[in-house]
Amino acid sequence: MPAEKAKELSAKTIIITGGTSGIGLAAARAFADRGQRLILIGRDADRGREAIARLAPSPAGPHRLISADLSLMSQVRSVIMDIEATEERIDVLANNAGAWFQHRALTAEGIERTVAINHLAPVALTLGLKRLLLAAPAARVVNTGSFVYRQARYDPDNLQAEKHFSTNATYAATKLYNLMVTRALANRWLDTGITLNCFSPGFVATEFGRGESGLLEPLYRFTRLFAIPPEKGAATLIHLADTAVSAGISGAYFEKRRRRDVRGPAADLDLCEALLDWSVRFTGFDARTV
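Residue numbering for the sequence shown follows full-length UniProt numbering, beginning at 1 and increasing consecutively.
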């Protein structure tokens with residue numbers, strides 16, 4: 001078989017949310033350099049088109065950009081419908097998009113926006129794309145979490161920061177939710193061939209906090225002085241997308257490409273399952289079929 005044909009057959013289709021900047025873009029470039037085909041999902045269409053234009057071409061076909069506001073479940077469902085209509089399979093789903101905000105605010109759908117973007121959008125995308133993930137021989141779901149999950153308090157009566165909101169606490173809570181749902185879905189999908197894992201990219205120089213009023217903008221500028229570059233932050237994402245590396249590992253948490261013990265509420269599978277059931281209610285899917 002000619003080398004180019006072999007490369008085409010081995011090329012994967014990889015979805016990355018938040019793929020137009022930071023960790024997501026760094027991962028996209030690395031995957032494209034290996035001949036993989038990318039579908040980037042991001043809110044900024046201009047930035048997305050620029051990112052796509054700079055990716056190395058894939059023998060499997062042209063890269064794609066889907067513009068969407070992932071804080072809105074209606075737009076997440078539109079993304080799912082678009083991908084369902086155009087793709088035959090998904091080899092890797094990297095739920096990487098994230099945000100933090102200085103003030104609590106609800107989306108037009110009545111969901112706290114940090115929870116919507118960081119937590120519910122990944123849940124909805126993973127559930128909605130399950131059929132295409134099953135169509136791949138060894139699909140991988142990689143969720144971008146954070147080491148700050150260890151600092152989060154789990155309060156089932158305050159999952160959307162209804163009682164008290166702070167930027168750091170709400171962000172940390174969503175990272176805990178990421179890990180908990182990763183573990184719950186890995187448990188439910190144990191025999192599907194789909195593996196799901198969560199990782200912390202570390203303290204990365206990204207766009208978090210940029211453009212926010214008050215303290216977040218100066219904090220954004222200050223913290224970038226000590227942060228690692230996005231390319232280093234993306235290393236574990238790329239590592240977990242490798243089927244040879246992550247074969248047989250599901251529901252785990254990684255830092256610096258190494259598996260770490262899961263602590264706190266995320267270690268309680270019953271709590272993880274309960275959070276998944278709560279989350280599914282917002283996605284439009286039936287919890288009984290998950």
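Idealized CB from N, CA, C, for every residue including glycine.
- Take K175, set aside five residues on each side of it, and the residues of its chain with a beta-carbon closer than 6 Å to its own are G145, S146, V148 and Y149, in chain order.
- By the 16-neighbour rule on beta-carbons within 10 angstroms, R263 is exposed.
- By the Cβ test, the region 124-132 is not in contact with the region 49-69, since fewer than three Cβ pairs between them sit closer than 8 Å.
- Bounds of the alpha helix (DSSP H) holding A186 are T167 to R188.
- Here L72 carries a coil assignment [DSSP, helix/strand/coil].
- Contact annotation, M180 with L93: C-beta distance approximately 18 Å; criterion of less than 8 Å not satisfied.
- Taking C-alpha positions only, L106 is separated from R288 by approximately 27 Å.
- Judged by DSSP in its simplified three-state form, Y149 adopts helix.
- Runs of the beta strand (DSSP E) lying entirely within the region 20-76 and spanning at least 3 residues, in chain order: 37-42 and 64-67.
- Judged by their CB atoms, P265 and G233 are not nearer to each other than the 8 Å cut-off.
- DSSP places A139 outside any alpha helix (DSSP H), giving it a letter other than H or E.
- Excluding five sequence positions before and after L185, the CB atoms of its chain that fall closer than 6 Å to its own CB belong to L196, given in chain order.
- Here T114 is near T170, since their CB atoms are less than 8 Å apart.
- In the DSSP annotation of this structure, A234 is not part of any beta strand (DSSP E), being labelled neither H nor E.
- Beta-bridge annotation (DSSP): L93 is paired with I15 and V141.
- Note on geometry: alpha-carbon atoms of L55 and D33 lie some 8 Å from one another.
- DSSP lists N197 as the beta-bridge partner residues of A252.
- Residue burial is scored here from C-beta neighbours: N143 has at least 16 other C-beta atoms within 10 angstroms and is therefore classed as buried.
- Bridge pairing for L106: E112 [DSSP].
- Cβ-Cβ distances below 7 Å link R257 to A235, T236 and H239 in the same chain, with the five nearest sequence neighbours on each side left out; the list follows chain order.
- As the crow flies, the alpha-carbon of T17 is around 14 Å from that of L72.
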